[in-house]
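A.B. asks:
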């Protein structure tokens, strides 16, 4: 036996192999250590995308919740409070039983029953809710010391409401008491009045007010105190505003006026109302808690209110309180107005969200494609050495999940911290969707690339890879979906989409994205052909840069569809979103201009002082002040026996007013239009207003249709008359908004009718405070800028605009990232090409031109295609989009419906940005490659 002393065989080298099973290195740990930069980049991408995706629904919830609170706060408590009332107890009851039904204990029991019938999410604000008994028909108070503006005695309502001391503080005197049990025959009771009631009706502490009795002597009400409300705007006082301040009533017959006020009795003094003719009634007022409800609860709130008004809730109250109990509230109308506003705004925000979300998803897919391309050789080798496809995909899923899941959780946490106080479930769902997409994108991509085992693959540029039948079917399916979405939006609009709900609405919101998808698919198929046609003529040029760049651009990778899709979708969304925002701003500007008629408007119900125009012209910022006289109730009629047509007669100075109209594009006209010429057309220069001379006028379309061009008479409010003939027709005029109008020369009116009642001001940076000081009291000063600001009233508007802007910006950022990923993917090949060409004499300048010219066709394609696609999407979808809701939030605004219009800046700026970024990246790559040197780029064995 040949061997050594230690027992090893002769000829062996080194130590003996260790016994036992071999432990392989963990796949996931090895891969993460091999490419830490790629793992970190994926983690950052997933974290950022998950954070944005999770923050979006929470941000929408926050501005919608703020909009709901603003809507409820703006509505008066009289509208939002749910009021229950029941008539006086049944006459079949004994007098004692009827009196007991009006005492505080019985009313408190009914109040508890009412609160028990309130279903969530509607929650009662117990601090502001109230109950009591009152006279529904105020009675005359004939005491002589009470205020009588036109000689008529005031009327007073007797109110015994709970918790008066908790909601007021005595200004003088003390609160009323009911020491002895009060009955229907009690001769005198104590009461308090608020400071406003006392001041208006001339009531003092110690005053005695006599209220007529029913089959008994008048009831004496002694005022023991004057109280000031602690929360005068709270529901306790404003659910029935009469108990806080009196109201002046004007008789329709003779115009006489009288006051109505309330005397606040002690809570247990209700039975005394049975001895008055005021028709006593019990009431329970449930003030809603406006701080708790969210926009997500609106449908539940509406159901709860409906149940209390005429549903199961009211039935329970009638069963436990009184069968004749009834309910009334305007809270359902308030909620309906919020729902209408939200339904008009939400589809526009959804369009931006889908656009940005599509671009973000494409970027995540491109990142996985870059990883798959980088590891193509490795995975092919694993498959060639016996690795099963499920095993490889499972390991890829595991190594991606190790990075993506913590990153997604981190992004979710950042979103929860950045946007607090909103729903949790929608944010989790959004972040989970991003994480799942990031986890499965690489395995799915590898599954398609490595279905078959092969070591060397063929060329995968557009020249060699032909579209498959499956791709053709998929593209046709997307085309059908896009066509259906565009047709639905044009036919029904976003208003119908926002109100109907369902998957069809999501398809409508996806319409701009689908238009970009179709354009990307079509351009990817078509754009190599013109490049190849240009390659022939370029080959006859001197130099190698132009033909080589065209040849390489025409043979670009077949995976160009994803970056082009990202760019086109982002550009379409940016153009669409920019046009929406520009349209909103334009609509507000136009509505504010129509409401004021100029940059500012000073108007009074009477003639303005003669010196006022001069003072206003001297105010800083005022460029011109055009005086006009407006008679809003002029009667236009043809013949004395015909019915009159109410119109606004505007007396102007033809020159300045015509120039103002032309500058503002509000029905401009030359001054000669209002100058009378020809027989029968002489104007009354004397200003007699006799109506004998025929005066040319500019009329609104409806008046022109009725009166034609024949002369007709117009009677002004001061009974003067003027005969006019319509010389021109304009849709609008600066002096009048939303009224039929006639514009005439002031010289044709009487001296009294021609006196200016309004000034239309133009100028830059007008100072509202200075104008109001110069105008003095008794006039209304409105600035166009202030009116425009008033249109942005609801947080729904401002929040939606911010979300829309953020979504467009996020989509643009992801589009730039997609462009960078596409260039990074081709960077190794381009670097190697430049190194080889430099060994053959290519200069650095020629290398820069080569990279720029090679990347320019795709960037130019994306820029031009994006601009055209954005323009087409706007033109196709504009008829179905109504921007009125987001522009003016349902507030009274002239100008009609605000429609979407193309904004040139929104189309051109993003497209130019794509060209600049693509050129800059190509130049940076050429510079960096030149610094590295050709030898390093051409080392054998480098993976390209």
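In our numbering, the protein residues as written are -16 to 927. We put the beta carbon where it would ideally sit given N, CA and C, even for glycine. Values in this document were obtained by computation on a predicted structure and should not be read as measured data.
(1) Which whole-angstrom value describes the C-beta separation of residue 621 and residue 690, a residue pair presumed to lie in contact below a C-beta threshold of 8 Å?
(2) Which term fits residue 684, buried or exposed, when burial requires 16 or more other beta carbons within 10 angstroms of its beta carbon?
(3) With DSSP collapsed to three states, give me the class of residue 949.
(4) Can you tell me where the alpha helix (DSSP H) holding residue 805 begins and where it ends?
(5) Between which residues of its own chain and residue 949 is the CB-CB distance below 6 Å, once the five residues before and five after are set aside?
(6) Quick one: give me the first and last residue of the alpha helix (DSSP H) that residue 642 is part of.
(7) Let me check understanding here. Comparing Cα to Cα, which of 466, 370 and 392 lies closest to residue 433?
(8) Which two residues bound the contiguous alpha helix (DSSP H) that contains residue 198?
(9) Three Cβ pairs or more, each shorter than 8 Å: is that satisfied between the segment 801 to 820 and the segment 353 to 366?
(10) Can you give me the C-alpha to C-alpha distance between residue 645 and residue 51, rounded to a whole angstrom?
(11) What's the C-alpha gap between residue 628 and residue 716?
(12) Determine the burial state of residue 412: buried for a count of at least 16 other Cβ atoms within 10 Å of its Cβ, exposed for fewer.
(13) I'd like to know if the segment 280 to 295 and the segment 93 to 113 are in contact, where contact means that at least 3 CB-CB pairs between them fall below 8 Å.
(14) In the DSSP output, what is residue 698 paired with across the bridge?
(15) With a 10 Å radius around its C-beta and 16 neighbouring C-beta atoms as the bar for buried, classify residue 813 as buried or exposed.
(16) Would you give the residue range spanned by the beta strand (DSSP E) that residue 173 belongs to?
(17) Under DSSP, the beta strand (DSSP E) around residue 734 begins and ends at which residues?
(18) Cα-Cα, which of 637, 618 and 631 is closest to residue 609?
(19) Determine the DSSP secondary structure at residue 311, reduced to helix, strand or coil.
(20) In the DSSP output, which residue or residues are listed as bridge partners for residue 963?
(21) For residue 48, is the classification buried or exposed, using 16 other Cβ atoms within 10 angstroms of its Cβ as the cut-off for buried?
(22) Considering only the alpha carbon of each residue, which of 65, 730, 397 and 373 lies closest to residue 269?
(23) Taking the DSSP output, what are the residues bridged to residue 841?
(24) Taking 8 Å as the threshold, find out whether the segment 225 to 244 comes into contact with the segment 123 to 140 through three or more Cβ pairs.
(25) Just checking my contact of residue 82 with residue 166 at CB under 8 Å: how many whole Å lie between their CB atoms?
(26) On the CB-based measure, 16 or more other CB atoms within 10 Å of its CB, does residue 221 come out buried or exposed?
(27) How long is the line joining the alpha carbons of residue 599 and residue 611, rounded to whole angstroms?
(28) Count the other CB atoms within 10 Å of the CB of residue 657; is the residue buried (16 or more) or exposed (fewer)?
(29) To which residues of the same chain is residue 711 closer than 7 Å at the C-beta, ignoring the five residues directly before and after it?
(30) For the alpha helix (DSSP H) containing residue 509, name the first residue and the last one.
(31) Roughly how far, in whole angstroms, is the beta-carbon of residue 385 from the beta-carbon of residue 321, given that I think they are within contact range, below 8 Å?
(32) Any contact of the segment 40 to 47 with the segment 252 to 260, i.e. 3+ C-beta pairs under 8 Å?
(33) I believe residue 740 touches residue 591 by the beta-carbon criterion, under 8 Å. Please report the beta-carbon distance rounded to the nearest angstrom.
(34) With DSSP as the reference, please indicate the residues paired to residue 611 in a beta bridge.
(35) Name the two residues that bound the continuous beta strand (DSSP E) containing residue 415.
(36) Using a Cβ-Cβ cutoff of less than 7 Å, which residues in the same chain neighbour residue 502 once the five nearest sequence positions on both sides are dropped?
C.D. replies: Looking at the atomic coordinates:
(1) Beta-carbon to beta-carbon, residue 621 and residue 690 are separated by about 6 Å, close enough to satisfy the 8 Å threshold.
(2) By the 16-neighbour rule on beta-carbons within 10 angstroms, residue 684 is exposed.
(3) This structure leaves residue 949 out entirely; the chain is present only between -16 and 927.
(4) 778 to 822 is the span of the alpha helix (DSSP H), which, as asked, contains residue 805.
(5) Outside the displayed span of the chain (-16 to 927) sits residue 949, for which this structure offers no information.
(6) Per DSSP, residue 642 belongs to the alpha helix (DSSP H) from 637 to 647.
(7) Here the closest residue by C-alpha is 370.
(8) From DSSP, residue 198 is part of no alpha helix (DSSP H); its letter is neither H nor E.
(9) The segment 801 to 820 makes contact with the segment 353 to 366, as at least three CB pairs between them are under 8 Å.
(10) Straight-line measurement puts the Cα of residue 51 at about 42 Å from the Cα of residue 645.
(11) Approximately 19 Å between the Cα atoms of the pair.
(12) It counts as exposed.
(13) A contact is defined here as three or more CB-CB pairs under 8 Å, and the segment 280 to 295 meets this definition with respect to the segment 93 to 113.
(14) Note: residue 698 sits in a beta bridge opposite 618 and 704.
(15) By the neighbour-count criterion, in which a residue is buried when 16 or more other Cβ atoms sit within 10 angstroms of its Cβ, residue 813 is buried.
(16) Residues 171 to 177.
(17) Unbroken run through residue 734: none, as it is neither H nor E.
(18) When each option's Cα is compared against that of residue 609, the closest is 637.
(19) Residue 311 carries a strand assignment under DSSP once its states are collapsed to helix, strand and coil.
(20) With the chain covering -16 to 927 only, the question about residue 963 has no answer from this structure.
(21) By the 10 Å Cβ count, residue 48 comes out buried.
(22) The candidate whose alpha carbon is nearest that of residue 269 is 65.
(23) Per the DSSP secondary-structure output, residue 841 pairs with nothing in a beta bridge.
(24) Yes, they touch.
(25) Yes, they are in contact, since the Cβ atoms of residue 82 and residue 166 sit about 6 Å apart, within 8 Å.
(26) The residue in question, residue 221, is buried, as its Cβ has 16 or more Cβ neighbours within 10 Å.
(27) Looking at the backbone, the Cα of residue 599 and that of residue 611 are separated by about 14 Å.
(28) By the 10 Å Cβ count, residue 657 comes out buried.
(29) 652, 656 and 681.
(30) In the DSSP assignment, residue 509 falls within the unbroken alpha helix (DSSP H) covering 494 to 509.
(31) The beta-carbon separation of residue 385 and residue 321, rounded to 46 Å, does not stay under the 8 Å limit for a contact.
(32) Below 8 Å, too few C-beta pairs join the segment 40 to 47 and the segment 252 to 260 to call them touching: fewer than three.
(33) About 6 Å separates the two Cβ atoms, so the contact holds.
(34) Checking the DSSP bridge columns, you'll see residue 611 partnered with 635 and 741.
(35) Note, residue 415: premise wrong, no beta strand (DSSP E); alpha helix (DSSP H) at 408 to 432.
(36) Within the same chain, and ignoring the five residues on either side of residue 502 in sequence, the residues whose Cβ sits closer than 7 Å to its Cβ are 551, 848 and 852.
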